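K.L.:
Numbering-wise, the sequence shown is residues 251 to 501 according to the numbering used here.
A single structure is presented below for examination.
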Amino acid sequence: EIVYDTGKLENLTVQMSIRSRYEPKDRVVAAPTKLKTFYDISDIGNGKVEDLAGSSNTAEVIGDVETVDSSRGQVASFNGGYLLDESPNLDNRITFVAWIKVDSLGDPSWDRYVSIDTLNSNNNYGNQMGFFWDSDGGSYNECSSQGCRGWFYRSSGAGEMVTKKSDIPQNEWMMLTGVVTPGGVEYYENSTSIGSKEFSVPDFSNTDTKMAIAARSDGVDSMDGKIDQVRIYRTDLSQEEIKKVYQRTRN
């Protein structure tokens, strides 16, 4: 959707929206100048997904990914496959938004819905963060002996989480949002804040950082389900801005 501001009339901003059925869904949503990357994953032609926000990012389709019909129109269906952006150009003040629908949960395993990974000097995974579900939380006290979902950050085996202590709903569309700042993260589901945590977030702008959708960047912890749209904003969106994104994109 392309929005043109045609000026003001008696202090009322008049806007004209033009939508073509050939245009991607909701290209401009809530503070478009803040939008860094937008993957409308209904189009995976030629093995790639183009960034529609103008940042020249491209995600490669790897493995079993196909487009299917859903209540949200054409979406991407993942069953072991994933999307990989090898140069996301991120920093530590940013907002991630993704619409997901889980078909089934790993047993027992992590599932990752959006994952940002930075390789360390030994070519192993150093800093990591993203949306996740886990069956028992492993060494994380927040999820010990029970399933939980949320936003995680880990570095060299230690980490932090903002979690909801229950399994992620299956066969239900949800908008997940992670607001990252240098001082921590806040996690939202369907524009409602689930919680926040303060910790020092490293800079993810170096060239070793990769971003994967529906798995970790090496294909581990892949999800079985569907993702419609992934947006990355170059700032920490407010709760009101997140609500606007949710209202505009939920149908």
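Cβ atoms here follow ideal geometry from the backbone N, Cα and C, with glycine treated the same way.
As the structure is a computational prediction, the values presented were derived from the model and not from experiment.
1. Take Trp383 as the anchor and find which of Asp486, Phe328, Ser450, Trp401 has the nearest alpha-carbon.
2. Where does Lys415 fall in DSSP's three states?
3. Quick check: what's the CA-CA separation for Ile366 versus Ala348?
4. Could you give the C-beta distance for Ile291 and Val318, rounded to a whole number, given that I count them as a contact under 8 Å?
5. Give the C-beta separation of Val480 and Ile463 to the nearest angstrom, bearing in mind that I take them to be a contact with Cβ-Cβ under 8 Å.
6. Buried or exposed for Gly331, please, with buried defined as at least 16 other CB atoms from any protein chain shown within 10 angstroms of its CB.
7. Residues in its own chain within less than 8 Å of Arg271 by CB, not counting five upstream and five downstream?
8. Residues in its own chain within less than 8 Å of Asn501 by CB, not counting five upstream and five downstream?
9. Opposite Leu285 in the DSSP bridges: which residues?
10. Can you check whether the CB of Met424 is closer than 7 Å to the CB of Ile350?
11. Between the Cα of Met379 and those of Gly397, Glu410, Leu355, Val352, spot the shortest distance and give me the residue it belongs to.
12. From the DSSP output, which residues share a beta bridge with Gln420?
P.N.:
Well, looking at it:
1. Counting from 1 along the sequence shown, the entry for residue 383 is found at position 133. Taking Trp383 as reference, the option from Asp486, Phe328, Ser450, Trp401 with the minimal CA-CA separation is Trp401.
2. The count along the sequence shown starts at 1 and reaches residue 415 at position 165. Correct three-state label for Lys415: coil.
3. Along the sequence shown, one-based indexing puts residue 366 at 116. Along the sequence shown, one-based indexing puts residue 348 at 98. Approximately 14 Å between the Cα atoms of the pair.
4. On the sequence shown, residue 291 is found 41 positions in, with the first residue counted as 1. On the sequence shown, residue 318 is found 68 positions in, with the first residue counted as 1. Ile291 to Val318, Cβ: 11 Å. No contact.
5. By 1-based counting over the sequence shown, the position of residue 480 is 230. By 1-based counting over the sequence shown, the position of residue 463 is 213. Indeed, because the Cβ distance is near 6 Å, the residues count as touching under 8 Å.
6. Counting from 1 along the sequence shown, the entry for residue 331 is found at position 81. Label assigned to Gly331: buried.
7. Within the sequence shown, residue 271 is the residue found at index 21, counting from 1. Since pLDDT at Arg271 reaches only 32, below the 50 mark, its modelled position is unreliable, and the value read off the structure follows with that caveat. There are no such residues.
8. As a first step, residue 501 must be located in the sequence shown, where it is residue number 251. So the qualifying residues of the chain are Arg322.
9. For the purposes of this step, residue 285 is taken as residue 35 along the sequence shown, with counting starting at 1. Paired residues: Tyr483.
10. Here the question's residue 350 lines up with position 100 in the sequence shown. Here the question's residue 424 lines up with position 174 in the sequence shown. Yes, Cβ-Cβ distance for Ile350 and Met424 is below 7 Å.
11. As a position in the sequence shown, residue 379 is number 129, starting the count at 1. Measuring from the Cα of Met379, the nearest candidate turns out to be Glu410.
12. Taking the sequence shown and counting its residues from 1, the one referred to as residue 420 is at position 170. BP columns for Gln420 point to Val352.
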